[in-house]
Amino acid sequence: MQVTKLERSGYMLEYPNFILVFNYTRDQEHHLDKALKSNPDKAVVFFVTHNHRNTFDTNIFNIAQNHKRAFVLSNDIPSREISDKEPVAWMSGGDFIENIAEEGINVETFKTGGKGVGFFVSTPDSTVFYGGALGENTDRSQSDVLIQRIASEHQKVALAMVNESVADSFAAKIATTKLLTYE
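Letter by letter, the sequence shown follows residues 33 to 215 in this note's numbering.
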């Protein structure tokens, strides 16, 4: 898996058969566009943790139109902004979906205490946690309780992407091969 930091809280993860994109809003360096052009057969899965201008942009529906695509979106995003023709999986905290884009990608969501959800993603090659707004609108003790709950179900992950405010707490409770942060 190759990890690329996009702008704001966005990340792109490239696997042999697919690309995962978390909270894409901008990419002035065109990392995603370059990856798509050089890998025309890869499926693309877009994840959006909550409805906010720094995490969700309707332009994701205009990207990768020549690729197999799927969208995993928090239920707080207004559906009126999205065509019924798009392959969208709507998720709330505690939901689980298997085999997204027919690529063996399984997703479980966690309520983050603030807005939207965080994603625990299992692929045939790795496990990934993307925290979304975990730690943004909660006090430290509430964030610690949420992280402990996540840790009780998932003791380790290959890659965790979390808000800087909870990185230390997350790393203390969940074994992580690689920990990346965002603001």
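Just so you know, even glycine gets a beta-carbon here, dropped at the ideal spot from N, CA and C.
Fair warning: this is a prediction, and the values are worked out from it, not measured in the lab.
Can you tell me whether residue i is buried or exposed, with buried defined as 16 or more other CB within 10 angstroms of its CB?
i: Lys74; result: buried
i: Gly167; result: buried
i: Arg172; result: exposed
i: Ser106; result: buried
i: Thr209; result: exposed
i: Glu46; result: buried
i: Ser124; result: exposed
i: His62; result: exposed
i: Ala199; result: buried
i: Val177; result: exposed
i: Glu140; result: buried
i: Arg85; result: exposed
i: Ser175; result: buried
i: Ser111; result: exposed
Report, in whole angstroms, the separation of the C-beta atoms of residue i and residue j, which I expect to be a contact under 8 Å.
i: Val189; j: Phe161; result: 5 Å
i: Gly148; j: His82; result: 3 Å
i: Ile114; j: Val120; result: 6 Å
i: Val80; j: Ile132; result: Not quite, the Cβ-Cβ distance comes to about 14 Å (not below 8 Å), so this is no contact.
i: Met44; j: Ala67; result: 7 Å
i: Gly126; j: Thr155; result: In fact, because the Cβ distance is near 21 Å, the residues do not count as touching under 8 Å.
With DSSP as the reference, identify every bridge partner of residue i, one or two as the case may be.
i: Asn138; result: Ser154
i: Ser106; result: Met123
i: Phe78; result: Val53 and Phe103
i: Tyr162; result: Phe151 and Met193
i: Gln34; result: Glu46
i: Phe128; result: Glu140
(message) What ranges does the alpha helix (DSSP H) occupy inside the stretch 175-214, keeping only unbroken runs of at least 4 residues that lie completely in it?
(response) Runs of the alpha helix (DSSP H) inside the stretch 175-214: 199-205.
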